[in-house]
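Residue numbers (our numbering), protein chains in the order written: chain R, 34 to 474; chain D, 133 to 579.
1. Looking at the strands, I want to know which residues DSSP matches up with residue 160 of chain R.
2. For residue 27 of chain R, does the three-state DSSP call read helix, strand or coil?
3. Please say whether residue 380 of chain R and residue 339 of chain R have beta carbons closer to each other than 8 angstroms?
4. Between the beta-carbon of residue 313 of chain R and the beta-carbon of residue 382 of chain R, is there less than 8 angstroms?
5. Please say whether residue 151 of chain D and residue 358 of chain R have beta carbons closer to each other than 8 angstroms?
6. Under 6 angstroms Cβ to Cβ from residue 125 of chain R, same chain only, skipping five residues before and after it: list those, please.
7. Give the single residue among R/328, R/446, R/412 and R/423 whose Cα lies nearest to the Cα of residue 244 of chain D.
8. Grab me the residues of residue 196 of chain R's own chain with a C-beta within less than 7 angstroms of its C-beta, minus the 5 sequence neighbours each way, in chain order.
9. Using a threshold of 8 angstroms, state whether the C-beta atoms of residue 391 of chain D and residue 465 of chain D are closer than that.
10. Does the pairing of the stretch 449–456 of chain R with the stretch 388–395 of chain R give three or more beta-carbon distances under 8 angstroms?
11. Distance check for residue 299 of chain D and residue 546 of chain D, CA to CA, integer angstroms please.
12. Between residue 186 of chain D and residue 338 of chain D, which are expected to be in contact by the criterion C-beta below 8 angstroms, what is the C-beta distance as a whole number of angstroms?
13. Where does residue 165 of chain D fall in DSSP's three states?
14. According to the neighbour-count rule (16 or more other Cβ atoms, all chains shown, within 10 Å of its Cβ), is residue 109 of chain R buried or exposed?
15. For residue 35 of chain R, does the count of other Cβ atoms within 10 angstroms reach 16, so buried, or fall short, so exposed?
16. Can you tell me the Cβ-Cβ gap for residue 267 of chain R and residue 309 of chain R, rounded? I've got them flagged as a contact below 8 angstroms.
17. Applying the criterion that 16 or more other CB atoms from any shown protein chain within 10 Å of the CB defines a buried residue, is residue 552 of chain D buried or exposed?
18. Which of the three DSSP states, helix, strand or coil, is assigned to residue 126 of chain R?
19. Measure the Cβ-Cβ separation of residue 525 of chain D and residue 382 of chain D and say whether it is below 8 angstroms.
20. Quick one: which chain D residues come within Cβ less than 7 angstroms of residue 138 of chain R?
21. If you check the beta carbons only, do residue 57 of chain R and residue 64 of chain R fall under 8 angstroms apart?
22. Tell me the rounded alpha-carbon separation between residue 165 of chain R and residue 394 of chain D.
23. Residue 519 of chain D and residue 400 of chain D look like a contact to me (Cβ under 8 angstroms); what is the Cβ gap, rounded to whole Å?
24. Could you list which residues in chain C have their beta carbon closer than 7 angstroms to that of residue 173 of chain R, in chain order?
25. Does the beta carbon of residue 298 of chain R come closer than 8 angstroms to any beta carbon on chain D?
26. Taking the straight line between their C-alpha atoms, what separation do you get for residue 253 of chain D and residue 169 of chain D?
27. Closer than 9 angstroms, Cβ to Cβ, to anything on chain D: give me those residues from the stretch 107–129 of chain R, in chain order.
28. Among R/189, R/232 and R/70, which has the Cα closest to the Cα of residue 136 of chain R?
29. 8 angstroms is my cut-off, CB to CB: does residue 205 of chain R come that close to chain D?
30. Flag residue 507 of chain D as yes if its beta-carbon sits less than 8 angstroms from any beta-carbon of chain R, otherwise no.
31. Is residue 344 of chain R close to chain D, meaning its C-beta is less than 8 angstroms from at least one C-beta of that chain?
32. Note down, in chain order, each residue of its chain lying with its Cβ closer than 7 angstroms to the Cβ of residue 194 of chain R, except the 5 sequence neighbours on either side.
33. Should residue 584 of chain D go down as buried or exposed, given a rule of 16 or more other Cβ atoms within 10 Å for buried?
34. Between the C-alpha atoms of residue 319 of chain D and residue 275 of chain R, what's the straight-line distance to the nearest angstrom?
35. Report yes if the CB atom of residue 333 of chain R is closer than 8 angstroms to the CB atom of residue 345 of chain R, and no otherwise.
36. Put residue 578 of chain D into one of helix, strand or coil per three-state DSSP.
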């Protein structure tokens, strides 16, 4: 490859110095602050340590349904008031349900900090769980599932469809959006019990980022959250499952899809307990799939033209640093109907074997690490992304400061580690889901 | 649970004094070639965001769309100096990336880089602008991929209903066709792509926006050095004026077996530069432009018909349009449309309350500040504004305009633009099931 003279050595990976302040209230609520006064905006996020994996049997989709109920009124706020107060402050809000946590957040002009804290404390104290709100939100969630899954080609592919192939336990395998039957049978008592168990202040992390003064924000947080009553914090069970010892395959017929697709997943080391062993897999996914110069793009898409798209990532929800064990490295490809799925799978296997056997090309690792750093910094630029990242890092690891360290830790991964990671992506350890267009015959 | 009777009512805290948006440090220059360059310092993270907007509309509906689409997908497929893979590797070395998108209005090259790599990113950008080769093999591969992706897109209800709506709104105007047919894309050859590049990928009328931890003045010099030689010929491309909306029967597009119906209503809108735009923006917010709007509170939070109804305003170079959207369960298709029309009629004939106006006003002012508080957000906003000839000055003055809008002005803007009689409605769904109930509300034409 002839590089022009102006192309210098790879750039050095820059460091960020986002400050992190932390304290814990007597009721157990952990708080992390990351001040940044460069723009008059703040983000407030509350992350509860409960997600899809903690749903009871027969209550698939309940963690997400409950997330909706947290917006339907609270101790001092009527239905719709939460939305109106945030938006009348010039802010935006949302919540989302993940495998291991559920988050609630607002981004607002910084003069609304105290108001946002009030709103979050009010629903941490007591959400308004009524049968009317429950019925309304069951209907809304069903429309959400229709628009995102049932009425759409590739709906739930592969994030809802691959876990039941890879995993055996209810916690890891079930549909996190939920079956309509389970959603419709949810009761107010279920909601009360779920709240009582999982939404204790000691099971949450509050993060505030942006235009704030640490002493002032601390006083406001103590004022609004200090009297949320402490409750016992549930012990999170282990969701561990043994690794696969032989390949598992399944076929999904998608009547709406025009093109076939395939997704596959391999278990990876525990992201929280064994970060050092986990990071090479994050780099490996990028080596394989990030951009035209990646292994699988070049082979499958550009050279062999047997796939229209290829992607690879860590975690079923694409969440490398906000998921606990067990989790996976995923690869997926869409391909033309004239191509056989085994042709695609074989080409992927050959590229992984080539990497595992012959290693990385000169310069390949450092350029991938530079791009990974840029991706990570870009996420951290927006105050909301930064704030939610430190909240989850604090909750799962007690290490909000990792937000500054991860680009460098990823840059310290060696070629030998990436090759060793590639050597574990053997067919016998994987789960494969083939998506076949059209109805089952 | 704490006993409910013990909880005294608490008052929601008032807002504090707002902090002013800091004046951004900015430098601007129009190069001799006609390229306008805007550089802004925003240094939260050591990155730079890049957007290059090139006017790209054709003369008539669909005419250049297949070639434009292939051009956007192959601009980075090779240059005189680098193959596609080499170019991608050169970008990765600086932590950088480039991507290209086209629509009937413009071509946009978007990218970012670790800030130490900005000089190199600009060199590579210049290389693709001045020496993209559109190699036959890569064009052949990419057009097949693109055709497959379009086939996937056209299996999505959101894409199908948008295709029908744009045709219905714009007729023969270039905006009528946004996405080409797969068969048209498969017929595109390299020479046609090279010819379109030579004709339209020009600095005249184009805008380059750079936002990041950069020295804005020094950045202009860097750009002038790197891109000063890009095609100093040609004149900016102009888009013909859009036709006015013509109301007519509801257009029903069949999607047999669909479990949801996609409802879309297009209405007139004002462009951002119009003196009444702030009032119109607030009228649309009160109607359906944000969560705390009448439309969402009615058909989602009260009736549970839909997950994400909304009313948004699309701004293109040649005109703006209001788009109301809701995806609803098949059995409530007609009742949901009735509620949309009811809320449009209400906003067009009755002024909103003072409380509704204040809430929408604070939302508009606050979210404007939020949207430009990240590098990517500010770069995107400046690029969008540039499309209709606006700049940072508009951004600085818009909160002041919003603060002055009166109830009477909002009512007038709503009456003038949001009346349901002026709307164009398209519904995608299971026609055999929904045609009857929809017919109860007005004339229905099946596509």
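We treat Cβ as the ideally placed atom computed from N, Cα and C, and that holds for glycine. Just so you know, these numbers come straight off a predicted model, no measurement behind them.
Taking the definition as stated:
1. R/107
2. Look at the range of chain R in this structure, 34 to 474, and you will see that residue 27 of chain R is not part of it.
3. yes
4. no
5. No. Outside cutoff.
6. Annotation for residue 125 of chain R: 140 place their beta carbon closer than 6 angstroms to its own, counting only its chain and skipping 5 residues before and after.
7. R/412
8. 205, 206 and 349
9. no
10. yes
11. Between residue 546 of chain D and residue 299 of chain D, the C-alpha separation is close to 25 angstroms.
12. 5 angstroms
13. coil
14. buried
15. Residue confidence is low: residue 35 of chain R scores 32 on pLDDT, short of 50, so the model does not pin down where it sits. No coordinate-derived value is stated.
16. 29 angstroms between Cβ atoms; not a contact.
17. It is buried - the Cβ of residue 552 of chain D has at least 16 other Cβ atoms within 10 Å.
18. Strand.
19. no
20. Neighbours of residue 138 of chain R on chain D: none; closest Cβ ~12 angstroms, over 7 angstroms.
21. yes
22. 26 angstroms
23. Residue 519 of chain D to residue 400 of chain D, Cβ: 19 angstroms. No contact.
24. No chain C appears in this structure, whose protein chains are R and D.
25. Not an interface residue.
26. 15 angstroms
27. When C-beta distances to chain D are compared with 9 angstroms, the residues of the stretch 107–129 of chain R below that value are 108, 109, 110, 112, 113, 114, 116, 117, 118, 119, 120, 121, 122, 123, 124, 125 and 126, in chain order.
28. R/232
29. It does not: the Cβ of residue 205 of chain R has no partner Cβ on chain D nearer than 8 angstroms.
30. yes
31. no
32. These residues qualify, in order along the chain: 285 and 466.
33. Here chain D covers residues 133 to 579 and nothing more, so residue 584 of chain D does not appear.
34. 51 angstroms
35. Against a cut-off of 8 angstroms, the Cβ pair of residue 345 of chain R and residue 333 of chain R comes out as no contact.
36. Residue state, collapsed to three classes: strand.
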